[in-house]
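**Q** In the UniProt record's numbering, the protein residues as written are 1 to 674.
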């Protein structure tokens with residue numbers, strides 16, 4: 001069956017003559033060849049450089065590596081949600097040059113909502129934007145595989161950002177914020193003016209007593225004109241966007257291949273879903289209908305994606321009704337069929353909460369089918385429009401008679417909802433679901449979290465630290481269950497107090513950190529507790545999760561003060577070449593780790609706790625090199641990476657953990673094509 005790849009656009013655009021302009025970014029047509037799959041079977045290159053990584057100082061003047069020595073591992077460890085786009089792209093370029101396939105897998109790991117993914121949507125969009133500009137075939141030909149990591153809505157969003165610019169969402173958010181501020185200023189000014197007018201003395205005849213009424217009528221007329229002007233301007237903007245999308249499709253081969261791949265994926269899934277619906281097999285229906293842009297939605301108007309999907313589902317040759325009709329009429333009819341015969345019935349079959357909400361059928365919303373992020377977003381509306389039934393559902397969840405989704409919402413997003421209009425009920429229940437789901441997968445045997453609640457962690461990193469630290473404490477087994485350690489010159493082990501999630505998180509936030517983030521003292525404290533409680537080697541802490549921004553005070557040198565005095569007396573600017581650095585920092589982390597081992601052996605312990613350095617803030621500080629044994633380097637705000645540490649096996653080194661993070665079946669579908 002021949003499928004037309006022609007794109008017409010809305011009538012206002014379709015009627016205009018096509019611009020004859022040479023194609024940009026010419027791309028060979030056709031399917032990827034076997035030769036282009038050579039990268040898929042390439043041996044994973046995580047060896048990095050043979051030289052020792054460069055060294056420098058943390059923000060707190062502690063010696064640190066500035067790289068793991070492996071560009072791919074640097075990307076995995078250093079990219080966090082607050083990493084600026086230009087820095088992300090720079091690290092991605094280095095990783096791609098080192099090992100393209102691994103870099104591609106790390107881009108997908110960045111997006112992954114499930115498995116071991118980091119749920120960093122914005123970071124993924126930045127990386128996808130770079131891929132389109134530099135490796136367009138790799139992005140376009142992997143669309144089907146990429147769908148396994150996030151959700152199908154990612155693809156219309158990527159197309160939209162390619163057309164409008166990477167920063168289009170931030171720009172729009174900034175404009176809305178500016179508009180709100182301007183509106184508030186205008187209201188404040190108007191109130192002051194009215195107050196001044198009322199204070200003015202009446203010196204005689206006020207004139208036309210109907211003047212206020214005249215002013216009101218003039219104001220109404222002005223509002224009508226303003227609305228009409230706004231409507232006209234909005235229509236002009238929409239037509240301009242549609243024309244730009246059509247022009248891009250016609251003249252940019254790289255964009256056209258990506259666009260066609262996205263449209264083809266949606267069409268393929270929707271056709272299969274309709275067949276499942278007809279066969280009365282609703283459990284086989286995907287979420288394609290949920291994430292497919294609606295006809296005349298903002299995505300559709302800006303990208304023209306619905307016409308492309310409709311043409312693939314309803315080709316001309318499938319119906320005699322299409323014979324001889326004009327292209328514009330054909331495009332109109334198949335778009336209408338896409339809405340009526342595909343999207344509407346499939347969305348109804350999926351029982352999407354949004355369908356009932358848009359129809360104002362609040363008493364029919366199936367709360368057990370509300371996704372985790374949607375539940376967090378819409379709970380206020382549920383309380384407003386369906387309070388009794390929604391609260392009844394929450395009571396059933398508490399009693400174990402119903403389930404609440406919590407898979408996609410991040411731990412710090414859950415605790416952020418503790419002070420919402422529902423009194424934190426949804427947050428408490430979602431948190432309990434997260435702990436329950438993890439407990440089914442396994443326990444964190446003999447693990448403890450070290451929480452960095454110092455000043456440099458202020459903001460979202462602090463919230464993530466609190467959430468992940470609490471989660472580790474609740475997943476750990478006795479005697480470490482419910483306990484955390486804070487960074488300090490004299491670290492303390494705390495038993496988290498509180499019966500509710502709110503009380504527990506507040507307790508962690510208020511823990512004393514003593515203006516110090518001394519990692520070495522943490523290990524001394526762990527050893528002291530083990531000796532005091534006469535713990536056996538099996539009861540000893542096996543693994544320490546360090547949730548921090550990696551800006552430690554004294555993580556690599558026992559004689560830090562003397563070292564720094566010598567360092568700056570020799571070079572006031574604090575800059576040395578590699579040879580000088582090696583000479584200066586003789587006490588490396590490996591040596592420091594050996595000191596820790598000796599201390600533990602002296603107390604009768606042959607095992608030393610493994611360390612998981614979990615980076616939460618954009619920084620170049622790197623605690624260890626990529627080959628350091630007994631250590632893992634991970635990052636991000638997602639809980640998913642905890643699954644890597646539920647097994648009984650020990651940590652080999654940071655590069656080994658990276659391999660495990662991208663070893664799932666979904667990663668095996670990825671391939672590099674250019």
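C-beta: ideal position from N, C-alpha, C; glycine also.
(1) Based on the DSSP secondary-structure assignment, which residues constitute the bridge partners of residue 610?
(2) Closer than 8 Å by C-beta to residue 356: which residues in its own chain qualify, once you throw out the five before and the five after it? Chain order, please.
(3) Do you know how far the Cα of residue 280 is from the Cα of residue 121?
(4) Excluding the five sequence neighbours on either side, which residues of its own chain have a C-beta within less than 6 Å of the C-beta of residue 657, listed in chain order?
(5) Residue 368: buried (16+ other C-beta within 10 angstroms of its C-beta) or exposed?
(6) To the nearest angstrom, report how far apart residue 329 and residue 228 are at their CA atoms.
(7) Tell me which residues share the same chain as residue 116 and place their Cβ nearer than 8 Å to its Cβ, disregarding the 5 neighbours each side in the sequence.
(8) Mind reading off the beta-carbon distance from residue 508 to residue 466? Whole number of angstroms is fine, and I expect it under 8 Å.
(9) Exposed or buried, residue 289, counting other C-beta atoms within 10 Å across all chains shown (16 or more means buried)?
(10) If you follow the beta strand (DSSP E) that residue 486 is part of, which residue opens it and which one closes it?
(11) Using three-state DSSP, classify residue 135 as helix, strand or coil.
(12) By how many angstroms is the C-alpha of residue 400 removed from the C-alpha of residue 406?
(13) Look at the alpha carbon of residue 172 and the alpha carbon of residue 532, and state the distance between them as a whole number of angstroms.
(14) Given that a residue counts as buried once 16 or more other Cβ atoms are within 10 Å of its Cβ, and exposed if not, what is residue 673?
(15) Kindly indicate which residue of 446, 476, 520 has the alpha-carbon position closest to the one of residue 530.
(16) Does the beta-carbon distance from residue 676 to residue 126 come in below 9 Å?
(17) Do you know offhand how far residue 676's Cα is from residue 608's?
(18) Report the residue from 252, 450, 432, 339 whose alpha carbon sits nearest the alpha carbon of residue 372.
(19) Just verifying my parser: in three-state terms, what is the DSSP assignment at residue 674?
(20) If you compare alpha carbons, which of 135, 384, 156, 370 is closest to residue 351?
(21) In terms of residue numbering, what span does the alpha helix (DSSP H) encompassing residue 357 cover?
(22) So, residue 63 versus residue 636, is the Cβ gap smaller than 9 Å?
(23) With DSSP collapsed to three states, give me the class of residue 587.
(24) Quick one: measure Cβ to Cβ for residue 485 and residue 543, integer angstroms, because I've assumed they're closer than 8 Å.
(25) Taking all protein chains shown into account, decide if residue 428 is buried (16 or more other Cβ within 10 angstroms of its Cβ) or exposed.
(26) Measure the alpha-carbon distance for residue 376 versus residue 501 and round it to whole angstroms.
(27) Could you check what DSSP says for residue 462 in three-state terms: helix, strand or coil?
(28) Can you grab the Cα-Cα spacing for the pair residue 143 / residue 308, in whole Å?
(29) Please determine, among 100, 75, 149, the residue with the shortest C-alpha to C-alpha distance to residue 89.
(30) With contact counted as at least three CB pairs below 8 Å, one residue from each stretch, are the segment 235-247 and the segment 311-323 in contact?
(31) Taking the Cβ atom as the reference point for each residue, do residue 123 and residue 68 lie within a distance shorter than 9 Å?
(32) Could you tell me whether the segment 130-144 touches the segment 254-272, using the rule of 3 or more Cβ pairs below 8 Å?
(33) Checking the sheet assignment: what are the DSSP bridge partners for residue 622?
(34) Using only the alpha-carbon positions, how far apart do residue 94 and residue 170 sit?
(35) Would you kindly check if the distance between the Cβ of residue 291 and the Cβ of residue 152 is under 9 Å?
(36) Kindly indicate which three-state DSSP category residue 642 falls into: helix, strand or coil?
**A** From the atom records:
(1) In the DSSP output, where bridge partners are listed per residue, residue 610 has 543.
(2) Same-chain partners within the cutoff: 362, 364, 365, 366.
(3) CA-CA distance, residue 121 to residue 280, rounds to 35 Å.
(4) Correct list, in chain order: 632.
(5) Taking every protein chain shown into account, the CB of residue 368 has fewer than 16 other CB atoms within 10 angstroms, so this residue is exposed.
(6) Their backbone Cα atoms lie some 29 Å apart in a straight line.
(7) 109, 640, 641, 643, 644, 660, 661, 662, 664.
(8) That belief holds up - the Cβ atoms of residue 508 and residue 466 are roughly 5 Å apart, short of 8 Å.
(9) Label assigned to residue 289: buried.
(10) Boundaries of the beta strand (DSSP E) around residue 486: 483-486.
(11) DSSP, read as helix, strand or coil, puts residue 135 in coil.
(12) Approximately 15 Å, taken between the alpha carbons.
(13) Whole-angstrom Cα-Cα distance: 58 Å.
(14) Label assigned to residue 673: buried.
(15) Residue 446 is the option with its Cα nearest to residue 530.
(16) Because the chain spans 1 through 674 in this model, residue 676 falls outside it and cannot be assessed.
(17) Missing from the structure shown is residue 676; the chain here goes from 1 to 674 and no further.
(18) Nearest C-alpha to residue 372 among 252, 450, 432, 339: 432.
(19) Three-state result, residue 674: coil.
(20) Nearest of 135, 384, 156, 370 to residue 351, Cα basis: 370.
(21) Run containing residue 357: 353-358, per the alpha helix (DSSP H) assignment.
(22) Their beta carbons are not under 9 Å apart, which means residue 63 does not touch residue 636 by this criterion.
(23) Reliability fails at residue 587, whose pLDDT of 48 lies under 50, so the model's placement of it is uncertain and no value is given.
(24) A Cβ-Cβ separation of about 13 Å leaves residue 485 out of contact with residue 543 under the 8 Å criterion.
(25) Buried: at least 16 other Cβ atoms inside 10 Å.
(26) One alpha carbon belongs to residue 376, the other to residue 501, and they sit about 16 Å apart.
(27) Three-state DSSP puts residue 462 in a helix.
(28) Distance between the alpha carbons of residue 143 and residue 308: 16 Å.
(29) Out of 100, 75, 149, 75 has the C-alpha closest to the C-alpha of residue 89.
(30) No, the segment 235-247 does not touch the segment 311-323.
(31) Against a cut-off of 9 Å, the Cβ pair of residue 68 and residue 123 comes out as no contact.
(32) Because the criterion of three Cβ pairs below 8 Å is met, the segment 130-144 and the segment 254-272 touch.
(33) 65, per the DSSP bridge assignment.
(34) Rounded to whole angstroms, the gap between the alpha carbons of residue 94 and residue 170 is 26 Å.
(35) Cβ atoms of residue 152 and residue 291: closer than 9 Å.
(36) Helix, per DSSP.
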